[in-house]
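Asker:
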Amino acid sequence: MSATGGAALSEIKGMPSLDATKPLGQPATPKATDSDATRPPSFTEAQVERGQQAFLKNCADCHGDQLNNGEFGGAPLVGSYFDDHWGELTVDALYGYIISAMPPDRPGRLSPQVYADIVAFILDKNGYKAGGQELPGDLAALGAMTLER
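And the structure:
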């Protein structure tokens, strides 16, 4: 448990020992349940395209252009690794971790919109479907979106 009483992301899914929720506040819910976080992520194709460009510029060196083949050993961001680490959480946990820890040499230095676009790209590559509404850069709204399938 973190000092605030909630489980740190590192304690939930074996992530690095960074409590990504502290700079941004606690996620709306660290784990999706029936009573909350009942809707899937919402993002657009245009957002995925912007996210891909931002990902290639800021993330691909570590995570690779295929999200699992980075030159510097970043964790895979697709497939079973993604599902095992993020699949039971809400989008705010993923977004909060990324905005707090990435890129490693300048965490939090991209705009909230660019981070949301990158998350949309990662979600798209993991089989989540684009729709008519952009993924917001707002933790409360993201907390209502589940990554459970």
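Residue 5 is where the sequence shown starts when you use this note's numbering, and the numbers rise one by one after that.
Here a beta-carbon is modelled for each residue, glycine too, at the ideal position from N, C-alpha and C.
These figures come from a predicted structure and were not determined experimentally.
Quick check for students: name the residue ranges of the alpha helix (DSSP H) that lie wholly in the stretch 44-86, counting only runs of 4 or more.
Answerer: With a minimum length of 4 residues, the continuous alpha helix (DSSP H) runs that stay inside the stretch 44-86 are 49-62 and 64-67.
Asker: Where does S14 sit, in a helix, a strand or coil, going by DSSP?
Answerer: As a position in the sequence shown, residue 14 is number 10, starting the count at 1. In this predicted model, S14 has a pLDDT of only 43, less than 50, meaning its place in the structure is not dependable; the value taken from the coordinates is given anyway. Residue state, collapsed to three classes: helix.
Asker: May I have the straight-line CA-CA distance separating L139 from Q56, to the nearest angstrom?
Answerer: Walking along the sequence shown from the start, residue 139 turns up at place 135. Walking along the sequence shown from the start, residue 56 turns up at place 52. Their backbone Cα atoms lie some 14 Å apart in a straight line.
Asker: Should the stretch 139-153 be called in touch with the stretch 83-100, which here means at least 3 C-beta pairs below 8 Å?
Answerer: Verdict: yes, contact present.
Asker: Can you tell which of P44, T42, R43 and F59 has the C-alpha that lies nearest to the C-alpha of D121?
Answerer: Walking along the sequence shown from the start, residue 121 turns up at place 117. It is F59.
Asker: Name, in chain order, the residues that DSSP records as bridge partners for M149.
Answerer: Counting from 1 along the sequence shown, the entry for residue 149 is found at position 145. Beta-bridge pairing links M149 to R43.
Asker: Assign N62 to one of two classes, buried (16 or more other C-beta atoms within 10 Å of its C-beta) or exposed (fewer than that).
Answerer: To locate residue 62, count along the sequence shown from 1; it is residue 58. Buried, because 16 or more other Cβ atoms sit within 10 Å of the Cβ of N62.
Asker: Count Cβ pairs between the stretch 45-56 and the stretch 124-135 that sit closer than 8 Å; are there 3 or more?
Answerer: Flag = yes, the stretch 45-56 and the stretch 124-135 touch.
Asker: Kindly indicate the opening and closing residues of the alpha helix (DSSP H) around Y119.
Answerer: Counting from 1 along the sequence shown, the entry for residue 119 is found at position 115. That run of the alpha helix (DSSP H) goes P116 to K129.
Asker: Quick check: the Cα distance between G136 and A50, rounded to an integer number of angstroms?
Answerer: Position 132 of the sequence shown, counting from 1, holds the residue named residue 136. Position 46 of the sequence shown, counting from 1, holds the residue named residue 50. C-alpha separation (whole angstroms): 10 Å.
Asker: Could you tell me the alpha carbon to alpha carbon distance between P142 and S115, rounded to whole angstroms?
Answerer: Numbered from its first residue, the sequence shown carries residue 142 at position 138. Numbered from its first residue, the sequence shown carries residue 115 at position 111. The sequence shown places Asp at residue 142, rather than the Pro named in the question. Between D142 and S115, the C-alpha separation is close to 12 Å.
Asker: Which residue from A105, R110 and G100 puts its Cα closest to that of A144?
Answerer: Within the sequence shown, the letter at position 140 stands for residue 144. Comparing Cα positions, the closest option is G100.
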